[in-house]
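Every letter in the sequence shown is one number past the one before it in numbering that gives the first Met the number 0, and letter 149, counting from 1, is 148. All C-beta atoms in this analysis are idealised placements derived from N, C-alpha and C, irrespective of residue type, glycine included.
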Amino acid sequence: MILTDLQSKIAFNDYYNEDPADQVQRIAAIKADFGDDLFLVAHHYQKDEVVQFADARGDSLKLAQIAASNHAAKHIVFCGVHFMAETADILTTAQQHVVLPDPMAGCSMADMANPFQLTQAWQALTARYGDTILPVTYVNSSAAIKAFVGRHGGVVVTSSNAGAIVSWALKQAKHLLFLPDQYLGRNTALALGIPKTEIGMWLAQQNHLEATDPDNLRVILWNGYCSVHQQFNTTQIDHLRQTYPDVKIIVHPECHQDVVAAADEVGSTAAIINYIKAAPKGARIAVGTDNNLVGRLIHTYADKKIMFLNPHSCACILMNRIDLPHLAWTMDQLAAGDSGHEIKVDADTAFWAKKALDRMLELS
């Protein structure tokens with residue numbers, strides 16, 4: 000097995016020595032040969048070299064909806080990160096195979112909440128609040144976390160539907176545990192009018208609830224975050240406003256609440272795209288989200304003055320693991336009758352995770 004793995008690694012490394020133009024032609028040819036049996040989806044944060052082959056692109060909500068509705072393709076090549084491919088596997092049929100070009104394309108935020116930590120947190124919080132607390136997880140979480148949430152009557156949210164889903168959840172329970180992204184949770188709660196005094200923080204590493212008035216909390220946040228969206232700050236916004244008085248700022252809700260408050264607009268990747276699409280010709284807009292998407296928007300809407308909120312920020316390094324060589328290797332594997340890096344969630348985990356996902360899809 001060690002020799003086989005080593006040989007496989009050496010063989011893959013050869014893909015970085017190939018002519019990219021040859022890989023583009025080969026991917027396109029294999030994709031055409033498969034026809035409707037292969038469906039390739041890409042998240043908005045993917046590189047252009049990958050997005051060019053996408054049958055569909057979208058944010059987490061759209062990709063989840065697409066996965067749930069596609070029953071024809073035998074192979075779904077998912078150009079995103081691991082939790083997204085897990086979600087696709089959960090929502091597709093047993094006869095469909097979800098393939099992730101690089102299984103190391105994970106999500107640091109999703110890794111900030113694991114089942115052991117969540118079980119400890121839940122035991123402590125239910126000891127205090129009884130059955131008056133409901134778990135809500137961001138889609139940026141593992142299948143195991145989604146399954147835990149599903150078992151306990153909870154729901155999944157995305158950045159597109161967080162407001163509507165959290166509003167619904169607050170009507171179902173007195174207290175919410177929102178994980179793993181503290182910033183999406185806080186920004187959503189504040190937008191819904193929840194006072195800051197009614198928002199607490201669960202410190203997973205310390206197994207401790209941080210709050211000034213624990214008994215009156217409505218929303219308890221997990222202390223996770225997105226490293227990409229922590230690269231934006233109010234100093235950057237102030238500088239742009241001084242330099243370009245006509246600039247409009249739009250940011251993702253995974254940003255710090257001070258950044259969201261200072262921006263003109265806040266929205267998911269889909270909302271950001273729609274905002275720029277609808278803006279008039281010549282509009283100057285600075286965008287605070289992953290730079291792969293912002294760069295694509297600059298190119299797509301050349302008649303508008305689209306800018307990076309932070310031109311020195313880096314794109315998601317884990318999302319960027321999906322590149323042309325990995326996609327070419329995956330397509331070659333599929334053409335040879337091998338499923339490549341197939342993502343498969345075990346039946347019990349998938350059953351309960353689907354409960355939480357279905358609740359979201361029904362409410363979206």
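Integer Cβ distance of residue i from residue j, believed to fall under 8 Å
| i | j | result |
| --- | --- | --- |
| Glu85 | Val344 | 5 Å |
| Asn291 | Ala314 | 5 Å |
| Ala223 | Met111 | The sequence given here places Gly at residue 223; Ala does not occur at that position. Between Met111 and Gly223 the Cβ distance is about 4 Å, and since that is below 8 Å, they are a contact. |
| Val138 | Ala203 | Not really, about 19 Å apart at Cβ, beyond 8 Å. |
| Ala104 | Ile321 | 5 Å |
| Glu253 | Tyr182 | 5 Å |
| Trp221 | Leu178 | 3 Å |
| Asp101 | His340 | 7 Å |
Contacting residues, own chain, Cβ-Cβ under 6 Å from residue i (five flanking each side not counted)
| i | result |
| --- | --- |
| Ala394 | Because the chain in this structure spans residues 0 to 363, residue 394 falls outside the shown range and cannot be described. |
| His42 | Gly79 |
| Ala261 | Thr233 and Ile236 |
Euclidean distance between Cα positions of residue i and residue j
| i | j | result |
| --- | --- | --- |
| Cys225 | Asp180 | 7 Å |
| Leu216 | Ile305 | 40 Å |
| Ala334 | Ile26 | 10 Å |
| Pro134 | Leu208 | 15 Å |
| Gln205 | Ile219 | 15 Å |
| Asp58 | Phe52 | 16 Å |
| Ala411 | His81 | In this structure the chain extends from 0 to 363, so residue 411 is not present and cannot be described. |
| Thr233 | Val49 | 32 Å |
| Lys61 | Asp237 | 33 Å |
| His228 | Thr288 | 6 Å |
| Leu124 | Trp201 | 9 Å |
| Trp328 | Ala20 | 14 Å |
| Ala168 | Asn319 | 34 Å |
| Leu191 | Val156 | 15 Å |
| Gln230 | Gly336 | 42 Å |
| Lys247 | Glu264 | 8 Å |
| Ala352 | Lys73 | 22 Å |
| Asp302 | Val286 | 16 Å |
| Thr196 | Leu176 | 15 Å |
| Met0 | Ala55 | Its pLDDT being 36, under 50, Met0 is placed unreliably in this model, and the value from its coordinates should be taken loosely. Using only the alpha carbons, I get a separation of about 37 Å. |
| Ala161 | Asp13 | 43 Å |
| Ser338 | Asp88 | 14 Å |
| Met330 | Lys46 | 17 Å |
| Ile65 | Ala126 | 39 Å |
| His151 | His251 | 29 Å |
| Ser312 | Leu39 | 28 Å |
| Ala28 | Thr92 | 26 Å |
| Lys170 | Asp245 | 40 Å |
Own chain, CB closer than 7 Å to residue i, minus 5 neighbours either side, in chain order
| i | result |
| --- | --- |
| Pro114 | Ala143, Ile144 and Phe147 |
| Ile9 | Low local confidence applies: a pLDDT of 49 at Ile9 is under 50, so the model's placement there is unreliable, with the coordinate-based value given in what follows. Closer than 7 Å at the Cβ level, and outside the excluded window around Ile9, lies no residue. |
| Leu2 | Confidence is the limiting factor: at Leu2 the pLDDT is only 35, short of 50, which leaves the residue's position unreliable and the question unanswerable from this model. |
| Gln235 | Leu308 and Asn309 |
| Ile193 | Arg217 and Val218 |
Beta carbon of residue i nearer than 7 Å to that of residue j
| i | j | result |
| --- | --- | --- |
| Ser267 | Ser159 | yes |
| Ile297 | Leu99 | no |
| Ile249 | Ile271 | yes |
| Arg295 | Tyr243 | no |
| Pro324 | Tyr15 | yes |
| Gly149 | Ala355 | yes |
| Thr136 | Val165 | no |
| Met359 | Val97 | no |
| Ala163 | Ser140 | no |
Cβ-based neighbour list, residue i, same chain, cut-off 8 Å, excluding 5 preceding and 5 following
| i | result |
| --- | --- |
| Thr131 | Ala172, Lys173 and His174 |
| Leu367 | The chain is shown from 0 up to 363; residue 367 falls before or after that span and cannot be answered. |
Does the segment 109-124 come within contact of the segment 60-79, defined as at least 3 CB pairs closer than 8 Å? no
Could you tell me whether the segment 27-37 touches the segment 345-360, where touching means 3 or more Cβ pairs closer than 8 Å? no
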